[in-house]
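> Protein chains in written order, with this note's numbering: chain A, 1 to 251; chain B, 1001 to 1332.
Even for Gly, the Cβ is constructed at its ideal location relative to N, Cα and C.
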């Protein structure tokens, strides 16, 4: 295991009187796939939104590569090396598949240039196509994103996040709403991704998570319930009680 | 890997063919505008199409391409006209200097309104722009020593201008049209440049999905402010043209009805299409001319036609035409 990439220290989040997260302290090392699981309402999405800058924590601190992220606006997170995908497909529907990824690649280099011809930024094309190739969508590059199948849109979602070459890739339920065939393709894709980079995964499909991850973090009622290798999680009685028992048979 | 291609607005066909010609949207638009006075029933109408076309084109950048529905574009149209008139009439600034000064000041106004309004979203954005534009209207109404108040701004007339040493009689409608067309051409070239630029890709992304654009690493708020200012600058140039054309500035052009008219024009012609604003301005003004011949209540009919367009032709006249001809995506 290589060095620590991201450290969350006592992260808490309140919405009015509702405590969504409390005292989450966890750190993630570079170069492995970690999954965050937990029943509905456990605070997974909130935690994810905090890690990607969409929400600011009400307490606690985030350190990424030794740098504190608190107070950084969301759009700067990608520039720091943290990129995410969304649980509900979140793409640019009326742009072509290629343009979807290309515009994401452009964000890291040039935003406010109103003068140059963007067609001249040819290195963006190559980067976009490489990201599309990585998720197996290169053949669809000219199609409008809204005409892709659900599974392909999920893959595009990942390509958009991937093209920034993030050091930390946050994936929010990449197999949400997918059938078994599409899920199989996605798992293969996740395995390929986890080979090369640090991935944090929120996922509901338990079998898949335990098979894929090197480490699993379990949230429950906004608190950290367990943290360990898949085998430890599987045999942890607390986890079995709140979560696994209900879905182990078929999940 | 396939050969790298470009963003949406970029040539995909080989140079020399019909496709290449269709890519030259600025040249094509200028060519159409050059013969416009002979296509339309009157030259006065042609000048108005030119002026409103530029105003609506600026608005199209904000509404069509970025997806921000402002109800206050009249503020910049009016500001361009008033600043031009005041600069010429009150401070004796030559006309060719008055225009860039007026555009500059209007862009500052757009920055001020934009800083407040682009922090809001959806219907709130529309309402804030409407309210702030009305504020500009009342300032113009009250500051009558500067603006002429209700009577409009008078007392500046550009009758004779020298273009590169050539004396041109600006009262001649044909001369006037072609001088103003230079401004329109500049505006079109500028707008086309913006749309083809990397920033053009950013505003597309914001229109398509603001949340994702932010997650991709774009400062959405700042980008919206910039596009608001660019849009105001282009629309204000239309105001400058109006002031030069009429030699008066009617207070009405700051009224919210003007903002509404701009919205109608862009939807009639085709939001998100390059030449649509001119088509929209022409259709609106022709409808107004024709229907007001036989009834003073022409607005009822124009309104009905507008509703039909929103329901059945959401891409407007020009956008639909391009779709039918199959060149919609390539050129818009």
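(1) Of the residues A/32, A/10, A/97, which one's Cα is nearest the Cα of residue 3 of chain A?
(2) Counting C-beta neighbours from all protein chains within 10 Å, is the total for residue 1151 of chain B 16 or more, i.e. buried, or is it exposed?
(3) Looking at the unbroken beta strand (DSSP E) that takes in residue 64 of chain A, where does it start and where does it end?
(4) Drop a sphere of 10 angstroms on the beta-carbon of residue 173 of chain A, count the other beta-carbons inside from all chains shown, and report buried for 16 or more, exposed for fewer.
(5) Can the beta-carbon of residue 1237 of chain B be found less than 7 Å from the beta-carbon of residue 1183 of chain B?
(6) For the stretch 104 to 126 of chain A, enumerate the residues whose C-beta is nearer than 7 Å to any C-beta of chain B, in chain order.
(7) Along the chain, where does the alpha helix (DSSP H) containing residue 1200 of chain B start, and where does it finish?
(8) Just how far apart, CA to CA, sit residue 1176 of chain B and residue 1107 of chain B?
(9) Using a Cβ cut-off of 7 Å, which residues of the stretch 60 to 89 of chain A contact any Cβ in chain B, in chain order?
(10) How about residue 58 of chain A and residue 12 of chain A: are their beta carbons less than 7 Å apart?
(11) Could you confirm whether any beta carbon from chain B is found closer than 7 Å to the beta carbon of residue 95 of chain A?
(12) Between the Cα of residue 1240 of chain B and those of B/1205, B/1191, B/1070, B/1095, spot the shortest distance and give me the residue it belongs to.
(13) Which residue's Cα is closest to the Cα of residue 157 of chain A: A/179, A/99, A/235, A/206?
(14) Beta-carbon within less than 7 Å of residue 1305 of chain B's beta-carbon, same chain only, minus the 5 sequence neighbours each way: which residues are those?
(15) What span of residues does the alpha helix (DSSP H) with residue 151 of chain A cover, start to end?
(16) When DSSP labels each residue in this structure, what does residue 1167 of chain B get in the three-state scheme?
(17) What residues in its chain sit with their C-beta under 6 Å from that of residue 201 of chain A, if we drop five residues either side in the sequence?
(18) Short of 8 Å in beta carbon distance, which residues of its chain neighbour residue 227 of chain A, apart from the five on each side in sequence? Order them along the chain.
(19) Looking only at C-alpha atoms, which of B/1273, B/1070, B/1214, B/1218 sits nearest to residue 1029 of chain B?
(20) Using C-beta distances below 8 Å, list every residue in its chain close to residue 231 of chain A, excluding the 5 sequence neighbours before and after it, in chain order.
(21) I'd like to know whether the C-beta of residue 1100 of chain B is nearer than 7 Å to at least one C-beta of chain A.
(22) Identify which residue in B/1278, B/1160, B/1103, B/1057 has its Cα closest to the Cα of residue 1081 of chain B.
(23) From the DSSP output, in three-state form, read off residue 124 of chain A for me.
(24) In terms of DSSP beta bridges, what is residue 198 of chain A paired with?
Based on what the coordinates show:
(1) Taking the first chain and counting its residues from 1, the one referred to as residue 3 of chain A is at position 3. Here the closest residue by C-alpha is A/32.
(2) By 1-based counting over the second chain, the position of residue 1151 of chain B is 151. Counting other Cβ atoms within 10 Å of its Cβ, residue 1151 of chain B stays below 16 and is therefore classed as exposed.
(3) Sequence index remark: in the first chain, residue 64 of chain A carries index 64 (1-based). 59 to 64 is the extent of the beta strand (DSSP E) around residue 64 of chain A.
(4) Taking the first chain and counting its residues from 1, the one referred to as residue 173 of chain A is at position 173. With 16 or more neighbouring CB atoms inside 10 Å of its own CB, residue 173 of chain A falls in the buried class.
(5) Residue 1237 of chain B sits at position 237 when you count from the first residue of the second chain. Residue 1183 of chain B sits at position 183 when you count from the first residue of the second chain. Contact flag set, yes.
(6) For the stretch 104 to 126 of chain A, the beta-carbon criterion of a distance under 7 Å to any beta-carbon of chain B is satisfied by 104, 106, 107, 108, 110, 111, 112, 113, 114, 115, 116, 117, 118, 119, 121, 122, 125, 126.
(7) Looking up residue 1200 of chain B in the second chain gives position 200. From DSSP, the alpha helix (DSSP H) with residue 1200 of chain B extends over 1198 to 1208.
(8) The count along the second chain starts at 1 and reaches residue 1176 of chain B at position 176. The count along the second chain starts at 1 and reaches residue 1107 of chain B at position 107. One C-alpha to the other measures close to 25 Å.
(9) Result list: 74, 75, 78, 79, 84.
(10) Sequence index remark: in the first chain, residue 58 of chain A carries index 58 (1-based). Sequence index remark: in the first chain, residue 12 of chain A carries index 12 (1-based). Taking 7 Å as the Cβ cut-off, residue 58 of chain A and residue 12 of chain A qualify as a contacting pair.
(11) Position 95 of the first chain, counting from 1, holds the residue named residue 95 of chain A. With its beta carbon less than 7 Å from one in chain B, residue 95 of chain A belongs to the interface.
(12) In the second chain, residue 1240 of chain B corresponds to position 240, counting from 1. Considering only alpha carbons, the answer is B/1095.
(13) Taking the first residue of the first chain as position 1, residue 157 of chain A is located at position 157. The candidate whose alpha carbon is nearest that of residue 157 of chain A is A/99.
(14) As a working mapping, residue 1305 of chain B is identified with position 305 in the second chain. If the five residues before and after residue 1305 of chain B are omitted, its C-beta is found closer than 7 Å to the C-beta atoms of 1287, all from its own chain and listed in chain order.
(15) The residue given as residue 151 of chain A occupies position 151 in the first chain. Segment 150 to 162, the alpha helix (DSSP H) holding residue 151 of chain A.
(16) Position 167 of the second chain holds residue 1167 of chain B. Strand at residue 1167 of chain B.
(17) As a working mapping, residue 201 of chain A is identified with position 201 in the first chain. Excluding residues within five positions, the ones whose Cβ falls inside 6 Å are 35, 171.
(18) Taking the first residue of the first chain as 1, we reach residue 227 of chain A at position 227. Same-chain partners within the cutoff: 26, 215, 216, 217, 218.
(19) For this step, residue 1029 of chain B is matched to residue 29 along the second chain. Checking every option, the nearest Cα to that of residue 1029 of chain B belongs to B/1273.
(20) The count along the first chain starts at 1 and reaches residue 231 of chain A at position 231. Counting only Cβ-Cβ distances below 8 Å, and skipping sequence neighbours, we find nothing.
(21) The count along the second chain starts at 1 and reaches residue 1100 of chain B at position 100. No, because no Cβ of chain A sits closer than 7 Å to the Cβ of residue 1100 of chain B.
(22) For the purposes of this step, residue 1081 of chain B is taken as residue 81 along the second chain, with counting starting at 1. The shortest C-alpha separation from residue 1081 of chain B is found at B/1103.
(23) Translated into the one-based positions of the first chain, residue 124 of chain A becomes position 124. For residue 124 of chain A, the three-state secondary structure derived from DSSP is helix.
(24) Here the question's residue 198 of chain A lines up with position 198 in the first chain. Within the DSSP secondary-structure output, residue 198 of chain A pairs in a beta bridge with A/168.
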